[in-house]
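Those letters in the sequence shown? Residues 54 to 563, by our numbering. Glycine is no exception: its CB is placed at the ideal position from the N, C-alpha and C atoms. Nothing here was measured: the structure is a model prediction, and the numbers come from that model. Below is one structure, written out as structure tokens; comments come after it.
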Amino acid sequence: MKRTRMACGMTAMTLTLGACGMNNGGGAAESGGGGPSIVIDEPFAPAAGWALETDDAFVLSKAGCLETLVSHADNSELAPMLATSWTQTTPLTWKFTLRSGATFQNGDPLDAKAVTAALQHALKVKAPSAAFGPDAIAGVKALDKRTVAVTTVTPDPLVPERLATPNTGILAPQAYGKSRIEPKGTCTGPFTLAEEVPQQSVRMKRNDSYWGGRAKLASAEVRFIADGAKRATQIQTGEAQLVRKLPATSVQDLKGSSGIRVDTAELSRTTSLILNNKKAPLDNVKVRQAIQAVIDTKKINQAVYFGAARPAVGPFAPTEPFAPSGAQPVKADPAKARALLAQAGVEPSSIKVQLLTYTEGAGFADLAAVIQDQLKSIGITVTIKTADYASLEPEMLSGDFDMTLLSRNHLGDMPDPLGFLAADYSCKGSFNISHFCDPQVDALIHKAGTTTDRQTRYAIESEAASVLQSQAVNVFLVHDTESVARGSRVTGYSIDPYYTLTADLDVASK
Numbered sequence: 054m055k056r057t058r059m060a061c062g063m064t065a066m067t068l069t070l071g072a073c074g075m076n077n078g079g080g081a082a083e084s085g086g087g088g089p090s091i092v093i094d095e096p097f098a099p100a101a102g103w104a105l106e107t108d109d110a111f112v113l114s115k116a117g118c119l120e121t122l123v124s125h126a127d128n129s130e131l132a133p134m135l136a137t138s139w140t141q142t143t144p145l146t147w148k149f150t151l152r153s154g155a156t157f158q159n160g161d162p163l164d165a166k167a168v169t170a171a172l173q174h175a176l177k178v179k180a181p182s183a184a185f186g187p188d189a190i191a192g193v194k195a196l197d198k199r200t201v202a203v204t205t206v207t208p209d210p211l212v213p214e215r216l217a218t219p220n221t222g223i224l225a226p227q228a229y230g231k232s233r234i235e236p237k238g239t240c241t242g243p244f245t246l247a248e249e250v251p252q253q254s255v256r257m258k259r260n261d262s263y264w265g266g267r268a269k270l271a272s273a274e275v276r277f278i279a280d281g282a283k284r285a286t287q288i289q290t291g292e293a294q295l296v297r298k299l300p301a302t303s304v305q306d307l308k309g310s311s312g313i314r315v316d317t318a319e320l321s322r323t324t325s326l327i328l329n330n331k332k333a334p335l336d337n338v339k340v341r342q343a344i345q346a347v348i349d350t351k352k353i354n355q356a357v358y359f360g361a362a363r364p365a366v367g368p369f370a371p372t373e374p375f376a377p378s379g380a381q382p383v384k385a386d387p388a389k390a391r392a393l394l395a396q397a398g399v400e401p402s403s404i405k406v407q408l409l410t411y412t413e414g415a416g417f418a419d420l421a422a423v424i425q426d427q428l429k430s431i432g433i434t435v436t437i438k439t440a441d442y443a444s445l446e447p448e449m450l451s452g453d454f455d456m457t458l459l460s461r462n463h464l465g466d467m468p469d470p471l472g473f474l475a476a477d478y479s480c481k482g483s484f485n486i487s488h489f490c491d492p493q494v495d496a497l498i499h500k501a502g503t504t505t506d507r508q509t510r511y512a513i514e515s516e517a518a519s520v521l522q523s524q525a526v527n528v529f530l531v532h533d534t535e536s537v538a539r540g541s542r543v544t545g546y547s548i549d550p551y552y553t554l555t556a557d558l559d560v561a562s563k
């Protein structure tokens with residue numbers, strides 16, 4: 054999967070369900086390697102040969118292997134990781150000081166030469182990431198053993214944020230010498246990749262030379278299971294001890310289960326009905342507004358998400374500082390929808406569209422069915438096509454589709470919504486699957502990207518969000534929560550967009 058992301062800067066909203074005592078108490082067997090082991094179920098498998106410009110970087114980061122110069126914390130704050138400090142020395146230059154004593158897992162030192170090579174590779178790939186590409190970054194240079202200079206095309210206050218995304222993860226030079234990226238032994242994180250079963254799982258072993266200290270777990274198996282119900286079953290049977298992205302139905306089923314804890318957090322992620330803005334009749338703003346008017350997000354939240362999500366007010370949740378002040382969900386109004394179609398000169402019965410939905414999307418089958426039914430109520434015919442995300446994405450990117458469901462983290466490209474806005478809604482955006490282009494929005498994105506003051510930048514980004522909502526570029530459905538189940542003896546975990554298997558994760562003894 055290329056772009057769908059987990060959330061940054063989550064709003065604190067945690068529910069704890071269940072108690073202790075199921076099976077083995079939610080723990081895993083001792084690994085025989087000097088500590089406990091754990092099985093983690095993730096929804097997405099690496100799909101691009103570990104190419105770091107894709108979402109494979111996020112898989113590798115969540116597996117405790119890949120690290121970046123800068124890490125993110127809650128509320129989009131930044132913290133040192135492989136770099137201990139950074140400063141903007143000229144309008145076009147940022148200097149990063151590397152951590153002393155850190156090494157790659159093969160024993161090679163983490164120095165400026167290796168870091169420069171990794172970042173230069175990120176710039177030279179065929180399709181660079183939205184956050185770190187040649188449109189924004191002019192070059193990377195080693196100044197001495199521990200200092201790296203990053204130069205930008207124009208003054209850019211967000212370079213540290215760009216270097217917090219896993220797409221800018223640092224691997225040893227040996228990782229880049231083959232037809233695909235080789236992460237074995239070339240990461241810097243607390244766990245090293247020991248074995249990979251393609252599309253199924255990876256086995257991770259503790260990196261005893263980790264700069265951040267010895268991890269509490271000796272090993273882990275990370276399984277890639279697209280079916281959310283199957284992931285839920287594995288936590289119930291004790292086959293897995295940590296399971297991410299539970300469907301809402303499974304959360305209900307797990308309530309009160311002995312030995313299982315379910316944590317739910319509100320995310321910087323919105324599920325949307327993406328509309329192809331270049332394809333008739335969706336290229337007509339009134340048709341899009343009509344579809345927006347007939348979709349009942351309140352009913353969707355109750356029917357599909359059991360009230361755990363929040364009806365969307367646009368691309369950003371109202372709790373976020375870059376959401377328009379006072380924004381409210383669009384109220385469902387079928388009569389208004391029919392009037393808008395009449396103004397557009399389009400008969401509802403003439404609109405026959407296909408809705409794409411991917412199997413990895415939690416609850417997407419039910420969501421697609423509800424949307425199909427709601428649009429049918431005014432005479433619009435919707436057929437549904439379901440497949441795995443990797444097979445659907447080419448249709449999305451090429452524009453050979455009508456509608457698609459998409460759950461998108463707007464802080465996934467970097468810990469600021471600018472990366473999301475530029476990738477998804479600028480005329481030349483690398484992930485503009487809406488195929489939307491508006492000079493007004495482009496101007497706002499450019500202005501935000503040159504604004505140093507964070508609050509001023511957020512105000513500009515909220516203005517862009519207002520335009521997207523008013524033009525019904527997409528139908529923003531719900532602001533998501535994520536539910537994660539873990540055995541009651543699993544400690545040291547919190548829901549995070551970049552990190553799952555960390556040095557602090559542990560399984561307590563019985």
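Beta bridge counterpart(s) of residue i as assigned by DSSP
| i | result |
| --- | --- |
| F244 | R259 |
| G540 | I313 |
| D559 | T544 |
| T150 | S138, T200 |
| D94 | R276, V296 |
| S325 | L459, F529 |
| P133 | V123 |
| S254 | V250, R276 |
| T156 | P162 |
| A318 | E535 |
| T143 | T146 |
| R363 | H532 |
Contact under 7 Å by Cβ, residue i with residue j
| i | j | result |
| --- | --- | --- |
| K258 | T245 | yes |
| F375 | S515 | yes |
| F369 | A98 | no |
| L145 | T200 | no |
| P226 | A170 | yes |
| P470 | H125 | no |
| W139 | P213 | yes |
| L428 | V435 | yes |
| I223 | L135 | yes |
| V178 | D316 | no |
| A415 | K298 | yes |
| S303 | A285 | yes |
| A517 | L497 | yes |
| A556 | A268 | yes |
| A361 | A301 | yes |
| C480 | D466 | no |
Beta-carbon proximity list for residue i, same chain, < 6 Å, skipping 5 on both sides
| i | result |
| --- | --- |
| P401 | L394, I431, G432, I433 |
| K332 | none |
| T324 | S460, L530, V531, D533 |
| K198 | D164, A165 |
| K438 | Q407, L409 |
| C73 | Summary for C73: the model assigns pLDDT 32, below 50, so the residue's position carries little reliability, and this model does not support an answer. |
| Y511 | P374, F375 |
| E448 | F454 |
Cβ neighbours of residue i in the same chain (closer than 8 Å, five flanking residues each side left out)
| i | result |
| --- | --- |
| P219 | L105, A110, F111, L113, S114, L119, T121, Y551 |
| G80 | For G80, the pLDDT reaches just 49, beneath the cut-off of 50, and the residue's location in the model is therefore unreliable, leaving the point undetermined. |
| D506 | none |
| V423 | K352, I353, A356, V357 |
| F185 | L172, A175, L176, R215, L216, T218, N220, T221 |
| K500 | I513 |
| A525 | L328, V338, R341, Q342, I344, Q345 |
| E274 | S90, I91, V92, I93, S254, V255, R256, M257 |
| P208 | P144, L145, T503 |
| P96 | F277, I278, A279, G281, R284, R297, K298, E413, A415 |
Below-7 Å beta-carbon distance, residue i vs any chain C residue
| i | result |
| --- | --- |
| A228 | The question asks about chain C, but that chain is absent: this structure has only one protein chain. |
Beta-carbon proximity list for residue i, same chain, < 7 Å, skipping 5 on both sides
| i | result |
| --- | --- |
| V366 | A376, A380, Q381, P382 |
| R233 | G102, W103 |
| A19 | Any property of residue 19 remains undetermined from this structure, which presents the chain solely from 54 to 563. |
| A247 | R256, M257, K258 |
| G154 | W264 |
| Q493 | V520 |
| Q141 | W147 |
| Taking only runs of the beta strand (DSSP E) that begin and end inside the region 382-455, which ones reach a length of at least 3 residues, in chain order? | 405-411, 434-440
| field | Stretch pair the region 385-392 + the region 306-320: three plus CB contacts closer than 8 Å | value | no
| request: Kindly provide the ranges of any beta strand (DSSP E) runs that are 3 or more residues long and lie completely inside the region 186-228, ordered along the chain. | output: 190-197, 200-205
| said: Whether or not the region 326-343 and the region 477-488 are in contact is what I'm after, with contact meaning three or more pairs of Cβ atoms, one per stretch, closer than 8 Å; do they touch? | reply: yes
| query | For the region 477-531, which segments carrying the alpha helix (DSSP H) assignment without a break, of at least 4 residues, lie completely within its bounds, in sequence order? | reply | 492-502, 507-523
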